[in-house]
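Numbering (UniProt numbering), first residue to last: 1 to 253.
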C-alpha cells in the first residue's frame, strides 16, 4: 500500500484536474485566463480582509487582491498548490475565509454542488464568494460540445443555475459579469483581429461572453429576540364584604 497522501484519491478526479490544467496552459486556455485576469483584477481590488482561498485547476494565481493579507491555494497535488485536499474535504474551519474564489472549479468537478457547498461553508458571514465558469450560452460553450480536448469534459453550468445554488446556500448575488467575447479560434492572427470585440462586450455586458463571473455575499443571520408570552388580562381582586357574627349569635346557633 502506497504512503502517498493521495493514494486513495479518486483517479477520475485527478485525471480531470490534470487534463484541465494542461488545457488552460494551451492557447485557448491562456486567452480565457488573460481576459479573466483583467476582470478579476477589478473585482478583487475592492475586497479586504485576512484570507483569500483560491480553488481551481489553473496553474496561474490571479492578482489584484492587494487588500487581502494572505492568499492560499487549495486543490489537487500539482505545482503551485499550497494545501492539498479533495474537492469536498477542505481542511479549513467554518467561516475561515474572507473571500473564496472558485475559478473553473465547478467546470472541472465530479460534484459541483458538493464543491460549492464546501466553499460556502468556508466563507465568513459577510464575506464573499466569487465564481468564474465557462458560459454555456457562448461560442466557448458550443465548442465544448464538439471538442476533443479537456474542454469536452467541462460541465459549463449556466450562471443562472449557479446563482440559484448560491441563494439556497445563504448568499445574495451582488454582481454578474461576462468576458472573453472572442471565439475560441486556433489562429492567433484572427484572435488579434477580433480583439476589438472585448471592448464592445465590456461596454454592453452582453451575456454571450465566453466566461461569467459571479460575486455573492454571505448573508449575516441576525438574532431575533424571543417574544414575551402575552398573559391574558386578569380582573382585579376586589375585597368581598364579610358578615360580622357576634359570640352570642354563634352560641344560640
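The C-beta atom is built at its ideal place from N, Cα and C for all residues, glycine as well. Computed from a predicted model, the values in this text were never measured in an experiment.
> So the beta strand (DSSP E) residue 75 belongs to, where does it begin and stop?
Replying inline: For this step, residue 75 is matched to residue 75 along the chain shown. Where residue 75 is concerned, the enclosing beta strand (DSSP E) stretches over 68–75.
> Between residue 214 and residue 208, what straight-line distance do the alpha-carbon atoms span, to the nearest angstrom?
Replying inline: Residue mapping note: residue 214 aligns to position 214 of the chain shown, counting from 1. Residue mapping note: residue 208 aligns to position 208 of the chain shown, counting from 1. Computed Cα separation, rounded: 15 Å.
> Do residue 217 and residue 172 come within 8 Å of each other at the CB atom, strictly closer than that value?
Replying inline: The residue labelled residue 172 in the question sits at position 172 within the chain shown. The residue labelled residue 217 in the question sits at position 217 within the chain shown. Taking 8 Å as the Cβ cut-off, residue 172 and residue 217 qualify as a contacting pair.
> Okay, do the segment 16–29 and the segment 41–48 touch, 3+ Cβ pairs below 8 Å being the bar?
Replying inline: Flag = no, the segment 16–29 and the segment 41–48 do not touch.
> Rounded to a whole number of angstroms, what is the C-alpha to C-alpha distance between residue 132 and residue 104?
Replying inline: Against the chain shown, residue 132 aligns to sequence position 132. Against the chain shown, residue 104 aligns to sequence position 104. Their backbone Cα atoms lie some 6 Å apart in a straight line.
> With a Cβ-Cβ cutoff of 8 Å, do residue 109 and residue 101 count as a contact?
Replying inline: By one-based count along the chain shown, residue 109 stands at place 109. By one-based count along the chain shown, residue 101 stands at place 101. No.
> From the DSSP output, which residues share a beta bridge with residue 55?
Replying inline: Your numbering for residue 55 matches position 55 in the chain shown. Residue 55 is bridged to 74, 102.
>> Checking 8 Å against the spacing of the C-beta atoms, do residue 154 and residue 144 come in under that value?
In response: As a position in the chain shown, residue 154 is number 154, starting the count at 1. As a position in the chain shown, residue 144 is number 144, starting the count at 1. Cβ atoms of residue 154 and residue 144: closer than 8 Å.
> Alpha carbon to alpha carbon, how far is residue 10 from residue 75?
Replying inline: As a working mapping, residue 10 is identified with position 10 in the chain shown. As a working mapping, residue 75 is identified with position 75 in the chain shown. C-alpha separation (whole angstroms): 13 Å.
> Taking the C-alpha atoms as reference points, what is the distance between residue 188 and residue 69?
Replying inline: The residue given as residue 188 occupies position 188 in the chain shown. The residue given as residue 69 occupies position 69 in the chain shown. Distance between the alpha carbons of residue 188 and residue 69: 38 Å.
>> At the level of alpha carbons, what is the spacing between residue 124 and residue 152?
In response: For this step, residue 124 is matched to residue 124 along the chain shown. For this step, residue 152 is matched to residue 152 along the chain shown. If I take the Cα positions, the gap works out to 34 Å.
> Are residue 59 and residue 21 touching if we call contact CB-CB under 8 Å?
Replying inline: Here residue 59 is taken as the residue at index 59 of the chain shown, counted from 1. Here residue 21 is taken as the residue at index 21 of the chain shown, counted from 1. Taking 8 Å as the Cβ cut-off, residue 59 and residue 21 qualify as a contacting pair.
> Can you tell which of 62, 119, 106 has the C-alpha that lies nearest to the C-alpha of residue 89?
Replying inline: As a first step, residue 89 must be located in the chain shown, where it is residue number 89. The residue from 62, 119, 106 with its alpha-carbon nearest to that of residue 89 is 119.
>> I need the DSSP call for residue 36, collapsed to helix, strand or coil.
In response: Stepping through the chain shown from its first residue, residue 36 is reached at position 36. The answer is helix: DSSP assigns residue 36 an H, G or I state.
>> Relative to the C-alpha of residue 254, which candidate in 33, 96, 185 has its C-alpha closest?
In response: There is no way to answer for residue 254, as the model of the chain reaches only from 1 to 253.
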